[in-house]
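Enquirer: Numbering (mature numbering (1 follows the signal peptide of the UniProt record, and there is no 0)), first residue to last: -29 to -1, 1 to 487.
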Ligand code: NG6
Ligand code: CA
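In structure tokens:
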């Protein structure tokens, strides 16, 4: 006869419960922490696969990023979704490939918001699930209504707050574009209404001092395109006047991301939170805080890597101070692969030494070779994520669906459509698998990389590829090329003519994904 409190049955029930907890990561995390886990994503700018020590970098030491990897899971096949910033950030947030939305390439200074208000995003689904959500750092996804764009002296909406973020302190575009100001929530920070800010594409008057008319005022010369208004000795893309009290000093940006993150984290330590930190450091012009000037062998680009490393260390120190390390999943990734001379002549090419920004891969920022999107990718949550190395294929576009599934958040029907729940792989669970295919895009210029297993198809409609050897030259290439990444991870040899059936199949699959 069965007894109600048979100890064996109780043990069996506990066993079953434990098994179901292990099978469902969201419950697992809640079981460990007693509440929803916190999530911090740090997305670096222009950081290449080989730029940090734990991925083989030699030109600068990166103790903090290395420590994160030493205590967590280091992916060798972690990708961002595009070879430039705006499309990668677009798809990180929306879980949708940016090429599906026209106009989602590199956003100009006066770009309107590229993600319409109320679009479901990684932030909004977590927000709806009870998370406090914040973004601190580079935005570069446009602000304001279409077609008008940002009202710099008024309310800057839509922007991050209209797509699920509770709090935002952002560099609205890039540090080489105007206006050189920060935006807190809906307004330019420290803007004096008696000194309105004007931003435009044309020189506002013949007297306006820009990089062309006053080259003597420049502390860094450019190859050609940063000939707009000079600020802090740097010619920028675009023109601005006014807003004097709001202008930042490039040197101060990294410290600002850190101090802001520390305040935000301590303020929201008691609630489940999602913080997206997007440091600008490697993006040209590379003008680091005085503390990091000259610390690397590689000039400003190496110093910027040191500054980024410090930023990561400070965020981790803050989590440690708040006793949140074991309750917070930290993901470290990049928005696109490396670039050396990105118009500003900062000697980043000459000073490389044996440092290899793209590791053993080909290409970098602006193209779709592996170097463009295969980037450092580290996941850490001591006690939950094992100390290990993973060769599973994962992509920044997958974070949205993965986090939603992990914390049991509801995803509106049809939202996050290109994002795949890879949470078991991100958590390093045994036997968990990553993507079975991967799509890489450039800036929306019509190049795609399509990876499946060891094969990589490169389709380039313009038949020209920029920066495929990190020299910022344009190379002529065939419309299609096939690489065997198993034998040739550096994409040196096009084997399409030897494997025509594979190539045909992959061409069709790629087109189906594009058309989906
Ligand atoms: C390019 C700029 C480059 C950089 C990039 C955006 C020129 C010649 N090049 O158009 O300097 O600003 O846009 O970089 O103007 S990203 O990382 O934000 O995508
Ligand atoms: Ca970038």
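Every residue gets a Cβ at the ideal spot worked out from N, C-alpha and C, and that includes glycine. Computed from a predicted structure; not experimentally measured.
Just tell me which of 192, 200 and 169 has its CA closest to the CA of residue 180.
Expert: Among 192, 200 and 169, the Cα nearest to that of residue 180 is on 200.
Enquirer: Kindly provide the ranges of any beta strand (DSSP E) runs that are 3 or more residues long and lie completely inside the stretch 305 to 380, ordered along the chain.
Expert: 348 to 351 and 359 to 361, all fully within the stretch 305 to 380.
Enquirer: In chain order, what residues of the same chain have a beta carbon less than 7 angstroms from the beta carbon of residue 220, not counting five sequence neighbours either side?
Expert: Correct list, in chain order: 203.
Enquirer: Less than 9 angstroms separating the beta-carbons of residue 139 and residue 101?
Expert: It is not a contact, given that the beta carbons lie outside the stated cut-off.
Enquirer: On a Cα-Cα basis, can you pick out the residue from 234, 266, 286 and 265 that is closest to residue 249?
Expert: Selected option, being the one with the closest Cα: 286.
Enquirer: From this set, 129, 125 and 109, which residue's C-alpha is nearest residue 512's C-alpha?
Expert: Since the displayed the chain opens at -29 and closes at 487, residue 512 lies outside it and no answer follows.
Enquirer: With 16 other CB atoms within 10 Å as the buried threshold, where does residue 475 fall?
Expert: Flag for residue 475 reads exposed.
Enquirer: Give the range of the beta strand (DSSP E) segment to which residue 227 is assigned.
Expert: Unbroken run through residue 227 is the alpha helix (DSSP H), 224 to 238; no beta strand (DSSP E).
Enquirer: State the start and end residues of the unbroken alpha helix (DSSP H) segment that holds residue 282.
Expert: From DSSP, the alpha helix (DSSP H) with residue 282 extends over 271 to 292.
Enquirer: With burial defined as no fewer than 16 other Cβ atoms inside 10 Å of the residue's Cβ, what is the status of residue 294: buried or exposed?
Expert: The residue in question, residue 294, is exposed, as its Cβ has fewer than 16 Cβ neighbours within 10 Å.
Enquirer: How is the alpha helix (DSSP H) around residue 109 delimited, first residue to last?
Expert: Where residue 109 is concerned, there is no enclosing alpha helix (DSSP H), although the beta strand (DSSP E) it sits in stretches over 103 to 109.
Enquirer: Taking the straight line between their C-alpha atoms, what separation do you get for residue 73 and residue 343?
Expert: Computed Cα separation, rounded: 21 angstroms.
Enquirer: For residue 306 and residue 20, I'd like the C-alpha separation in whole angstroms.
Expert: Distance between the alpha carbons of residue 306 and residue 20 is about 11 angstroms.
Enquirer: Check residue 456 in the structure and name its three-state DSSP category.
Expert: DSSP places residue 456 in coil when its eight states are reduced to three.
Enquirer: With 16 as the cutoff for other CB atoms within 10 Å, does residue 488 come out buried or exposed?
Expert: Look at the range of the chain in this structure, -29 to 487, and you will see that residue 488 is not part of it.
Enquirer: In or out: residue 35 buried (at least 16 other Cβ within 10 Å) or exposed?
Expert: The residue is buried, with at least 16 neighbouring Cβ atoms inside 10 Å.
Enquirer: Within the continuous alpha helix (DSSP H) that includes residue 148, where are the two ends?
Expert: Neither: residue 148 is in no alpha helix (DSSP H) and is coded neither H nor E.
Enquirer: Per DSSP, residue 212 is paired with what?
Expert: Residue 212 is bridged to 169.
Enquirer: Any chance you could list the residues with Cβ under 5 angstroms from a heavy atom of ligand 2, keeping chain order?
Expert: So the residues near ligand 2 by this Cβ test are 16, 17, 56, 306 and 307.
Enquirer: If you reduce the DSSP assignment to three classes, tell me which class residue 219 lands in.
Expert: Residue 219: coil per DSSP, three-state reduction.
Enquirer: Thinking residue 266 and residue 274 are a contact (beta carbons under 8 angstroms), I'd like their distance in whole angstroms, please.
Expert: Confirmed, Cβ separation roughly 6 angstroms.
Enquirer: Starting from residue 139 and walking both ways along the beta strand (DSSP E), at which residues does that stretch end?
Expert: Segment 138 to 142, the beta strand (DSSP E) holding residue 139.
Enquirer: Is residue 336 near ligand 1, going by C-beta to nearest heavy atom under 8 angstroms?
Expert: True, at least one ligand heavy atom lies under 8 angstroms from that Cβ.
Enquirer: Just checking residue 68 against ligand 1 - is the residue's beta carbon closer than 8 angstroms to any of the ligand's heavy atoms?
Expert: Checking every heavy atom of ligand 1 against the Cβ of residue 68, none is found closer than 8 angstroms.
Enquirer: For the putative contact between residue 390 and residue 371, defined by C-beta atoms under 8 angstroms, what is the C-beta separation to the nearest angstrom?
Expert: With 8 angstroms as the limit, residue 390 and residue 371 qualify as a contact, their Cβ atoms being about 4 angstroms apart.
Enquirer: What are the residues that DSSP puts in a beta bridge with residue 14?
Expert: DSSP output for residue 14 lists 304 as bridge partner(s).
Enquirer: Which stretch, first to last residue, makes up the alpha helix (DSSP H) that contains residue 114?
Expert: Looking at the DSSP string, residue 114 is not in any alpha helix (DSSP H), and its letter there is neither H nor E.
Enquirer: Can we count residue 183 as close to ligand 1, meaning its CB is less than 8 angstroms from some heavy atom?
Expert: Every heavy atom of ligand 1 is 8 angstroms or more from the Cβ of residue 183, so no.
Enquirer: Please give me, in chain order, every unbroken run of the alpha helix (DSSP H) with length at least 4 that falls completely inside the stretch 46 to 70.
Expert: Counting only runs of 4 or more, we get 56 to 65.
Enquirer: Once you ignore the five residues that flank residue 448 on each side, which residues in its own chain have a CB closer than 8 angstroms to its CB?
Expert: Taken in chain order, the residues that qualify are 429, 431, 434, 435, 436 and 439.
Enquirer: Is it buried or exposed for residue 310, if we count other Cβ within 10 angstroms and need 16 for buried?
Expert: So residue 310 counts as buried.
Enquirer: Is residue 282 buried or exposed, if buried means 16 or more other CB atoms sit within 10 Å of its CB?
Expert: Classification for residue 282: buried.
Enquirer: Roughly how many whole angstroms lie between the Cα atoms of residue 316 and residue 229?
Expert: Each residue's alpha carbon lies about 28 angstroms from the other.
Enquirer: Can you name, in chain order, every residue of its own chain whose Cβ lies under 7 angstroms from the Cβ of residue -11, other than the five neighbours on each side?
Expert: Reliability fails at residue -11, whose pLDDT of 40 lies under 50, so the model's placement of it is uncertain and no value is given.
Enquirer: Just tell me which of 24, 26, 57 and 67 has its CA closest to the CA of residue 484.
Expert: Per the Cα distances, 67.
Enquirer: Please confirm if the stretch 410 to 420 is in contact with the stretch 55 to 70, defined as three or more CB-CB distances below 8 angstroms between the two stretches.
Expert: In short, these stretches touch, since the Cβ pair count reaches three.
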